[in-house]
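According to my numbering, the sequence shown is numbered sequentially starting from 9.
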Amino acid sequence: MRATLPATALLLLLAGSSALAQQEAPLHFQRVGGLPQNTAYAITRDHKGFVWVATGNGLARFDGQSMQAFPGYNSPTTPLQGRIIRSDLLEDGQGSLWFSTEKSVHRLSLQTTRVQPESLPTGEGSRAGFASPVLRTSNELWLCSPTEGLYRIDLRTGTKSHYPVTVADSQGLPIPLMYNGTYDGRRSLWFASSKGLLSFNLNTRKWMRIAGQHKCYTVAFARDTLFLGEGTEASWLEPATGHHGILEIHGIARQKRALLRRIYTDPSGNLWAGDEKGNVFCRRSSSSAFHWRGNINGNEAPRTNYPVYCFFADSTGTLWVGAYMLGLLKAVTGEPAFRRIGQDGPQDFFVNSIYEDSSGGIWMGTYENGLLHSDRGGATIPIELPYRGPRLPYGNSVPLVTADRRGTLWTSRSGRLFYRRRGGTFFQSILFPQPQESLQVPQLWTFSEANEGCLLGTNIGLYWLRDSGGIPALRHLSWLGQHRVSATWIAPSGKAWVAFESGGVQVLQETTRFKTGTMLFPGTQVRAFWNDSTRALLWMAGTDGLIALHLRSGLHRIYTEKEGLPARYLLSLTGSRGELWLASPGGLARGTPTFRNGVSFPELSFTTFTDADGVDGDQFNPGAAYT
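This is the structure we're talking about:
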């Protein structure tokens, strides 16, 4: 299904900055792609600077440019017991990262990335399996199971001890813990539960329960005070006195809030809280209240409603957020990464193509709403194309608007090719010569300039255009058939690359009037080409992923979801400043290449943009991209 993009929905990339740089500026959240699964349960940063993410299918490591996945399902390189890592991630100071799947605790060597499962002691009737790392002291590691209590591992000897919960509720029933506990910096670990707060004294090895009347979902500690998530409210409690109070939350209506899933203390003593609706709140160390800072689903009219799962603030001041379905997000201040051009109109349009002219005007070809023009600051207005013929099916659709090197603007409607000369005011037109046996009215879908003319791709095959400044001459290349053309590109050598909607890319020679050529990638529908002339790489976006073809050697590589693409089925492709921009039914992604000496094909790291970045929806139209 086509996506409905507003007529003014040309989006421009803007810059972001550190999450903690401007306290009052709203936060926006940029997705970082490449996870082995699209939910992030926990985040940490190791001593080497790598960011680690726990997902629903193993681990991922992010180096700031690219994501490396360590999948947990049926992977010979990552022999995990289980697959889903809902636990926290904790480095032990001895070169290992600790975590837990649903079946077992594991430790990963940061030097070799080898994973080793760890068994836990079990008592009578206990079911040791999942246990989340909570605290590392100089020689000890503490882990928490929601039903079995605490486990202690001596990092010097490997000795393991079990400390089951010994307190119960008023009816003598066991109290399950929220395993994401907090340490008060002195002697106790604290855990939230539906029946108050539970603490474990590390000196006496004793359990205790306080505030039993409070239903707590999450707890954090800062400056001798515990901070609790109690439903939609945030509260404070002084362990020494038992004093308790509710914290104010500013900047958002109460009805827009939801259950607080996680409260987190960053290294500067600021508190961060996230709720079930994706809202993010912050209580600065100098403040007495929480303030709404943004929503991971988008700050204005979010179209999704995914919850916050975790936070992590690294030593650079960057705030990372883990979420259900949105994965790993990076908080930035300032404007969203994308913004609209022009004002919203009363109607949304299918935008088929976009072109920006030398004066900054934006031209848009639409589905059944004609040709539109926006001057960025004003309203979007329809442009009349001179046509007095009969009303044809899809006769008001404009699939493509583009310009040639001389500045002539080209488009089509109702079987006619329209053009407007540079500096001109009105469009003129010529009729597409139509083969007698054709069943469809020609529509212009692609436009590529060659040495002696222009190659036009349509829904009924290819046309050759000659234009010397007078009346253009147009003819149908009938010997190539009437296959619908989805993309064209002409190399400086004169070779024409033509992608057909039925599949395959045909390489034709201009010197033979495009009568001879070879077929590549049969069965793959290519939607767009982009040429990186400095690397001799022709990039192709299609139904099987992103294809990179090295023009000198003829070798190719295909990039898919394994490399972080939001979806394998790609609709549009363009490039800017050495980066690739890709649109798919799964959203918009920016691919940043990293080349190694002697290797023709780069590694790509992808950043996915969502509503939170100012992108309206996550579906895009084929070909509607322009640099």
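The C-beta atom is built at its ideal place from N, Cα and C for all residues, glycine as well.
Here the stretch 316 to 330 lies against the stretch 273 to 280, with 3 or more beta-carbon pairs under 8 Å apart.
Cβ atoms of residue 536 and residue 495 come within 8 Å of each other, at about 5 Å. For residue 579, the closest C-alpha among the options 398, 505, 322 and 589 is that of 589. Taking the Cα positions, residue 560 is about 7 Å away from residue 544. With 16 or more other CB atoms across the displayed protein chains lying within 10 angstroms of its CB, residue 114 is buried. Distance check between residue 273 and each of 266, 236 and 265 places 236 closest, using alpha-carbon atoms only. Residue 269 sits away from residue 288, with the two beta carbons spaced by 7 Å or more. Of all alpha-carbon atoms in 146, 147 and 126, the one lying nearest the alpha-carbon of residue 140 is that of 126. Residue 238 holds the alpha-carbon nearest to the alpha-carbon of residue 226 among 138, 194, 238 and 232. Taking a 10 Å sphere around the C-beta of residue 246, we find fewer than 16 other C-beta atoms and assign the residue as exposed.
For residue 600, the enclosing beta strand (DSSP E) has its first and last residue at 595 to 602. Spatial neighbours of residue 219 in its own chain (CB-CB distance under 7 Å, excluding positions within 5 residues in sequence) are listed in chain order as 204, 205, 245 and 252. With contacts defined as CB atoms closer than 7 Å, residue 597 and residue 609 fail to qualify as a contacting pair. Residue environment analysis places residue 71 among the exposed positions, since fewer than 16 neighbouring C-beta atoms fall within 10 angstroms of its C-beta. Residue 492 sits in coil when the DSSP states are folded into three classes, being neither helix nor strand. Between the stretch 413 to 422 and the stretch 380 to 396, the count of Cβ pairs shorter than 8 Å is three or higher; the stretches touch. Beta bridge pairing from DSSP links residue 569 with no other residue. For residue 481, the CB contacts under 6 Å within the same chain, skipping 5 residues up- and downstream, are 474 in chain order.
Taking 7 Å as the cut-off, the beta carbon of residue 51 is found closer than this to the beta carbon of residue 318. The DSSP-derived three-state label of residue 451 is coil. Contact annotation: residue 450 and residue 477 have beta-carbon atoms that are not nearer than 7 Å. At the C-beta level, residue 186 and residue 199 come within 7 Å of one another. The C-alpha of residue 375 is placed about 52 Å away from the C-alpha of residue 89.
Burial check for residue 527: the Cβ neighbour count within 10 Å stays below 16, so the residue is exposed. One Cα belongs to residue 599, the other to residue 557, and the distance between them is close to 16 Å. In the DSSP assignment, residue 522 falls outside any beta strand (DSSP E), carrying neither H nor E. Taking a C-beta distance under 7 Å as the contact criterion, residue 57 and residue 45 do not qualify as a contact pair. Beta-bridge analysis with DSSP links residue 52 to 60. Leaving aside the five residues that flank residue 510 on each side, the residues in its chain whose CB is nearer than 8 Å to its CB run, in chain order, 491, 492 and 533. Taking 7 Å as the cut-off, the beta carbon of residue 452 is found closer than this to the beta carbon of residue 408.
In terms of CA proximity to residue 191, 150 leads the group 156, 150 and 183.
Comparing alpha-carbon positions, the option among 462, 530 and 483 lying closest to residue 503 turns out to be 462. If the five residues before and after residue 260 are omitted, its C-beta is found closer than 7 Å to the C-beta atoms of 287 and 300, all from its own chain and listed in chain order. When only Cα atoms are considered, residue 262 and residue 303 end up about 15 Å apart.
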